[in-house]
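Worksheet: the structure to be examined is printed underneath.
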Amino acid sequence: MNTYFAGEYEVAVIGAGHAGIEAALAASRLGCKTAVFTINMDAVGNCPCNPSIGGTAKGHLVREIDALGGEMGKTADECFLQSRMLNRGKGPAVHSLRAQIDRRKYADTMKHKLEIQPNLELRQAEIINIKQNDFGYELTTKMLAVFNCKTVIIATGTYLGGKIFVGEVSYESGPDGIFAATKLGLSLKELGLPLRRFKTGTPARVLRRSIDFSNLEIQKGDEPPQPFSYETTNLGENKVDCHISWTNEKTKQIILDNIHRSPLYAGKIEGVGPRYCPSLEDKIVRFSNKPRHQLFIEPCGLNTEEMYLQGMSSSLPEEVQLKFYHTIKGLENCVIMRPAYAIEYDCVDPLAMNATLEFKNFEGLFGAGQFNGSSGYEEAAAQGLIAGINAARKVLGYNPIVLTRDNSYIGTLIDDLVTKGANEPYRMMTSRSEYRLVLRQDNADERLTPLGHEIGLISDERYARFMNKQKLKRSELERLKATVISPSDEVNQILVSRETSEISTGVRLIELMKRPQLDYKVLTPIDKERPDLDSNIFEQVEIEIKYEGYIQKQLKQVEQMRKLEEKHLPVDFDYSQINGLRLEAQEKLNKIKPLNIGQASRISGVSPADISVLLIWLAQKKKG
Amino acid sequence: MNSTIAAISTAQGEGGIGVIRISGENSIEIADKIFKNINNKKLTELKGYTAAFGKIIHDGEEIDEAVALVFRAPHSYTGENVVELSCHGGIYVTARVLRAALDSGARPAEPGEFTKRAFLNGKIDLTEAEAVADIISAKSKSAARAALCVKEGALRKKLDEIKNELLNLASHLSAWADYPEEDIAEVTDDIIFDVCDKAISALSHLIDTYDSGQAVKQGIDTVIAGRPNVGKSTLMNLLSDSDRSIVTDIPGTTRDVVENTVLAGDVILRLSDTAGLRSTDDEVERIGVEKTKKRLEQCGLLLAVLDNSRELADDDLSLLKEAKNVPTIVIINKTDLKNKLDTDRIKLYCDNIIKVSAASGEGKEEIISAVRKIAGADKLNPSEGILSNERQRNAVINALRSVTEAKESLKNGMTYDAVTVLLEEAISAVLELTGERVSDEIVDRVFHNFCVGK
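These protein sequence lines map, in sequence, to chains A and B.
Residue 115 in the working numbering is what sits at position 115 of the first sequence, and the numbering runs on without skipping anything.
Residue 5 in the working numbering is what sits at position 5 of the second sequence, and the numbering runs on without skipping anything.
Structure below.
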């Protein structure tokens, strides 16, 4: 065929979803000549599932992306409709921000940011072939343009070999009626990447005026709403409400009567789906004793009447969907605008990658997002950012950046993917981190902004603002240590009203703050010298004081784990030479080639006994 | 590469069959040099888990008939190639077979070396390895049984129960935090308190029985004390069925501390038969009295012996006062003689009183049952799981501390995320104990417990 040579890039990104966007912006901002290819210019930054960003642990990821200089948090703030801090009563470690967003505005904003970014070209083109050449990689588009690229980041999402299932109907497609990428998968297999099939799904969108909201519970946003980005100063007000409803016995019966028409239960879908956001039929079959399931009705934007039914994902036939949606309070007469569907797609076994997100056997080839076996916009964006940074650093000749389990959820996410692999689409959860009290959403800047500045994605100006904030925070801590509150009726009244013991001698403010019953808000009347500071500073100071003992405990655990992380393992070693290791451990270690004992200890199939063997082997080796 | 080791692995001198175990890379070749298969097939040609019948021949001389069991790495106790030669028992025969193996290239195994190799080869975890070491060095039936229970998992089972309760709670807390929008049952303070209390009680029980377990395993330092000639040495002989102490009726015969290890039921007592606590001018005897006092400070059990036929003396009283500081059994000896002792007055100091006649052996059973009670052996149920060393005890204490702190935090109104930190700390202490989690310290411990290295 008549291909033509169309140019060269230092970094090429395949896919302009949430992973591709962060990758492309990071690489171009770090000074690399970058291209990002999208199959459809109108699908850039699309949110094919929920019209929201954040959520438990995902909110942490967005804050971390922002702290490193990524874009997701800022754009979510620009497009926010309603914002809530989840888990408020459960402690600061699990506080997570979640925002409803205007999904079209989000996509347009992101697309425009790509368009105006220097060093970056946004191109509509389906990549149909990839092969290695002297330059690095050669990409061919469907229109037969050929590009030479030093590095390539694959961020194909659910488009790669995408296939949609709705009951007995199935067809090749990406999400939202966009073409699937049908040829690239074969080319990646020929290259030697270990591909497999995953599946996910989404609920129906229904017409707003066909819903009867009158008897539904309203869910309002927080007042005042909080932004994701440390840079957002004026977020504005919540603009919409969400609503809550429940399924019932009738819903359950309709689903059970038609379960044989589900492609998953009929065995037509081979891909592995996530346990974490199951379809309604999944929930009903697996938790059959549960009489009802919750759903949230969320607006998709300000200029649309489409409403998203969170929790009602399904791959049953359209007629069955309509039937069971109609059993739900408020949805009795709902009109489906887009039916729910399941989508199956190709992704890669992330064990083939390093924690830099570069493939072990393919220098300069990176993967990010759902292609790496994760699920969710935020997980995708986080990986995109790291892949973009490391592709750029490769081009520029710098050492790669690897985030760690003890500095971020991003590090935890990537370590999990490349060490444990993904047997189902991987979703971030707070319970995946062993250092939750250290990795809080409020202190993401403290953990990562210095690194972001060092990498070059945080401007000197922003870094100076951050440093100033840290200074203010330290002096506020000092002030609390130095300020003595004398006993008085006013003081003791407050203490008694909070059911904590009165004071009879002067007590330092910091000691009062340590009491779980007291906080800045309660102490306002007696804390007369309090400076006017950013609310985030007060939040961080308060948490650090109250949780000091617990944070210290986690830091001690971090230290212990670090000892194991510092025991480096050779990367070019054949583990079958160590007799004591069980066969499975030898195979896993040879496949994953962990960098250190800490990583090895997290590999499933490597038992503590195997780790003892490795430790002793290392110690003996050292002794010589 | 590890050298090939050999040892007699059955109890010496007893039983009808003796087993010589050879383990290491060359064990099968070495066995071939001394074992002549009846069907002439070489052991090196055999698969793992196969047996052959033949003769042990060394230096052209037939030693015995034997069965050779061949295990191939990693499917053996040590994880290495192993040959077990079962021959006729008896010291002479087994020693000759072992000598034959050693002459053919094996070296003698050090004590516990098979276990060490099993551990290093990942065949058993540290808890099991420790249990095997305990069995090897077990001094009494009960100790061996307790050690066996660790190996077979009584302790493991108990720990798994505790661990699972804590894990269930931790995962409930996680799910509740991670899925605020799925209506997952709320975690309440009561649920957490309940799980903490259960764990605290189970962990405390393990710690409480530790000392008893140690008493069973290692024995209790026991002092027999009393005025001269109350019959301490006779008593000691009664308990030990031997003539270790010199028994005379001249006061002050036992001038030094005499030690003996006896089995009171299943409890090991390391007895010190001491000079009495008499005030004396005799220099040699005075040194003995000093030593007695010192022993009293360090011992775990005092057997205070009084003479039924004599009135209570000041020396007796000063001994009875020790009952405040040390677990004490008052033994009133010579009940066959006329009573002059004021028993009611003794009860003011100690109500654990047993009347015996050491000379006739009367009262021995009562002493044993009182000893078992004090040692806690009566409450000790090895099938419930017993901690067998300081490492294990330490891990349990850490777990207990964390769970207790978790409960306290909750009481003080801390949020669940902080409580979870403590619960997870407790879980990881238990996991480390069961060997399901490794820390850096394991290596130090291994190098401490086993002679590893070049």
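No residue lacks a Cβ here, since even glycine has one placed at the ideal position from N, Cα and C.
Model, not experiment: these values are computed from the prediction.
Residue nearest to HIS172 of chain B within the set B:CYS87, B:ILE184, B:ILE162 and B:GLU110 is B:ILE184 (criterion: CA-CA distance).
The beta carbon of THR430 of chain A falls within 8 Å of a beta carbon belonging to chain B, placing the residue at that interface. In terms of Cβ geometry, ALA27 of chain A and THR38 of chain A do not form a close pair [threshold 8 Å].
By the rule that beta-carbons nearer than 8 Å mark a contact, THR415 of chain B touches chain A. Considered as a whole, the stretch 510-535 of chain A harbours no complete run of any beta strand (DSSP E) with no fewer than 3 residues. Here TYR325 of chain A is buried. Its C-beta has 16 or more other C-beta atoms within 10 Å. Counting along the chain, no alpha helix (DSSP H) covers ALA204 of chain A, and no H or E run does either. With respect to chain B, the C-beta atom of ARG405 of chain A has no partner C-beta closer than 8 Å. Against chain A, the beta carbon of ASP183 of chain B has neighbours under 7 Å at GLN294, listed in chain order. Counted as a single uninterrupted DSSP element, the stretch harbouring LYS55 of chain B is not any alpha helix (DSSP H) but the beta strand (DSSP E) occupying residues 50-58. By the beta-carbon neighbour count (other beta carbons within 10 angstroms, threshold 16), HIS568 of chain A is exposed. If you draw a 10 Å sphere on the C-beta of ASN168 of chain B, you find fewer than 16 other C-beta atoms in it, and that means exposed. Contact check for THR50 of chain B against VAL70 of chain B passes: the beta carbons are separated by less than 8 Å. When only Cα atoms are considered, GLU405 of chain B and ALA426 of chain B end up about 10 Å apart. By the Cβ neighbour-count rule, GLY24 of chain B is buried, with 16 or more other Cβ atoms within 10 Å of its own. The Cβ neighbour count for PRO594 of chain A, taken over all protein chains shown within 10 Å, is at least 16; the residue is labelled buried.
Under the three-state reduction of DSSP output, GLU138 of chain A falls in the strand class. Counting only the Cα atoms, GLY411 of chain A lies some 21 Å from GLY17 of chain A. Under a 10 Å Cβ-count criterion, PRO48 of chain A is classified as buried, with 16 or more other Cβ atoms of the shown protein chains found around its own Cβ. Within the stretch 34-58 of chain B, no residue has its Cβ closer than 9 Å to any Cβ of chain A. About 6 Å separates the CB atoms of PHE165 of chain A and TYR341 of chain A; that is less than 8 Å, so the two are in contact. Between ALA264 of chain B and VAL371 of chain B a beta carbon distance of about 4 Å is seen, short of the 8 Å cut, so the two are scored as contacting.
Residues of the stretch 152-180 of chain B with a Cβ closer than 9 Å to any Cβ of chain A, in chain order: ALA170, SER171, LEU173, SER174, ALA175, TRP176, ALA177, ASP178, TYR179 and PRO180. For ALA429 of chain B, the enclosing alpha helix (DSSP H) begins and ends at 416-434.
Within the stretch 302-317 of chain B, not one residue has a Cβ closer than 7 Å to any Cβ of chain A. The beta-carbon separation of GLU115 of chain A and MET72 of chain A, rounded to 17 Å, does not stay under the 8 Å limit for a contact.
DSSP places THR151 of chain A within a strand segment (E or B) once states are collapsed to three. Shown here for GLY69 of chain A: same chain residues with a beta carbon closer than 6 Å to its own, the five before and five after excluded, namely GLY452, LEU457 and ILE458 in chain order. Segment contact: the stretch 335-351 of chain A against the stretch 154-162 of chain A, three or more CB-CB distances shorter than 8 Å; contact assigned. With a threshold of 8 Å between beta carbons, GLY112 of chain B makes no contact with chain A.
For the pair ILE551 of chain A and LEU437 of chain A, the CB atoms are nearer than the 8 Å cut-off.
Contact annotation: the stretch 107-116 of chain B does not touch the stretch 595-608 of chain A, with fewer than three C-beta pairs closer than 8 Å. With fewer than 16 other beta carbons inside 10 angstroms of its own, GLY267 of chain A counts as exposed. Of all residues in the stretch 49-60 of chain A, those with a C-beta nearer than 9 Å to a C-beta of chain B are GLY55, THR56 and ALA57, reading in chain order. Just measuring C-alpha positions, the residue of A:LEU564, A:VAL62, A:ILE178 and A:HIS95 sitting nearest GLU231 of chain A is A:VAL62. Using a CB distance cut-off of 8 Å, ASN121 of chain B counts as an interface residue toward chain A.
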